[in-house]
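> This is the structure I have questions about; it appears just below.
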Amino acid sequence: VVYYKLLMPNKFTGWIIGPAGATIKAIQTKSGARVNIAKGTEYSPWTDSRVVSISGKMINVAKAVAAILQEVLSSNGPKGDAANEREMILELLIPDMSCGLIRAGMTHLEEKSGAVITLSGKEKQIAGTNE
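See below:
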C-alpha cells in the first residue's frame, strides 16, 4: 500500500468533494484508491490548505491524483487548451527520509515532465511530523 499526501488550498476542496460527496466517491470508485480530505477546520499549519490523503496500490493512487488534479483544473477557470497552459502549484508532503531519493532524480523528473520541482527546507517542515 502506498500513502500519498498533498496540500490542497481550501477553496479547491469543495470541488473535489462535490455535491453530497459525489465527486470524491466517483474518484474513489474509478481509481480504486481511498481518498480522505481533512475536515474544514483542520488546516495545515501556516496555510489555508487541507491535507488530502490518498492510499492504495501505486497505480490506483496515481489514477486518483490525476482525477483530483483534473477536477481542480476543470472547475477552476479556463477550459480546454487554456486550462492546459495554466500554471498550478502542487504541494506534496514527503517524509524526510524520501527527500534524498527525490533530490537524486530531480533533474531527470523535471526534464521528463516539464515540471519545476522544489524541495523545501526544514523551515517548512510541519511541526510534529517528519514531512
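When you read off a place in the sequence shown, starting at 1, and then add 2, the result is the number in my numbering.
Backbone N, C-alpha and C define an ideal beta-carbon position, used for all residues, glycine too.
Note that the structure is a prediction, hence the values are computed from the model and not measured.
1) Return the chain-ordered list of same chain residues with a C-beta closer than 6 angstroms to the C-beta of residue 14, the five sequence neighbours on each side being excluded.
2) In angstroms, rounded to a whole number, what distance separates the CA positions of residue 10 and residue 26?
3) Start and end of the beta strand (DSSP E) containing residue 57?
4) In chain order, what residues of the same chain lie with their CB nearer than 6 angstroms to the CB of residue 40, ignoring the 5 residues before and after it?
5) Helix, strand or coil: which one does DSSP assign to residue 44?
6) Suppose the cutoff is 7 angstroms on Cβ atoms and the five residues either side in sequence are ignored; what does the same chain contact list for residue 87 look like?
7) In angstroms with no decimal places, state the Cα-to-Cα distance between residue 5 and residue 36.
8) Any C-beta of chain D sitting closer than 8 angstroms to the C-beta of residue 63?
9) Which residue marks the beginning of the beta strand (DSSP E) containing residue 119, and which one marks its end?
10) Start and end of the alpha helix (DSSP H) containing residue 16?
11) Keeping to the same chain, check which residues put their C-beta closer than 6 angstroms to that of residue 12; ignore five residues upstream and five downstream.
12) Helix, strand or coil for residue 4, going by three-state DSSP, please let me know.
13) Suppose you measure from the CA of residue 24 to the CA of residue 16; what does that come to, to the nearest Å?
Let's see:
1) 74, listed in sequence order.
2) Looking at the two C-alpha atoms, the distance is approximately 14 angstroms.
3) Looking at the DSSP string, the run of the beta strand (DSSP E) that includes residue 57 is 51-58.
4) Within the same chain, residue 40 has close Cβ partners 52 and 53.
5) Reduced to three states, the DSSP call for residue 44 is coil.
6) The predicted position of residue 87 is uncertain, since its pLDDT is 49 and thus under 50; a value taken from the coordinates is nonetheless stated next. Cβ neighbours of residue 87 beyond the five flanking positions: none.
7) In a straight line, the C-alpha of residue 5 is about 10 angstroms away from that of residue 36.
8) Absent from the structure: chain D. Only one protein chain is present.
9) Run containing residue 119: none; DSSP gives neither H nor E here.
10) Counting along the chain, the alpha helix (DSSP H) containing residue 16 begins and ends at 12-19.
11) Once the five neighbours on either side are set aside, the close Cβ partners of residue 12 are 50 and 52.
12) For residue 4, the three-state secondary structure derived from DSSP is strand.
13) Rounded to the nearest whole angstrom, the C-alpha separation of residue 24 and residue 16 is 11 angstroms.
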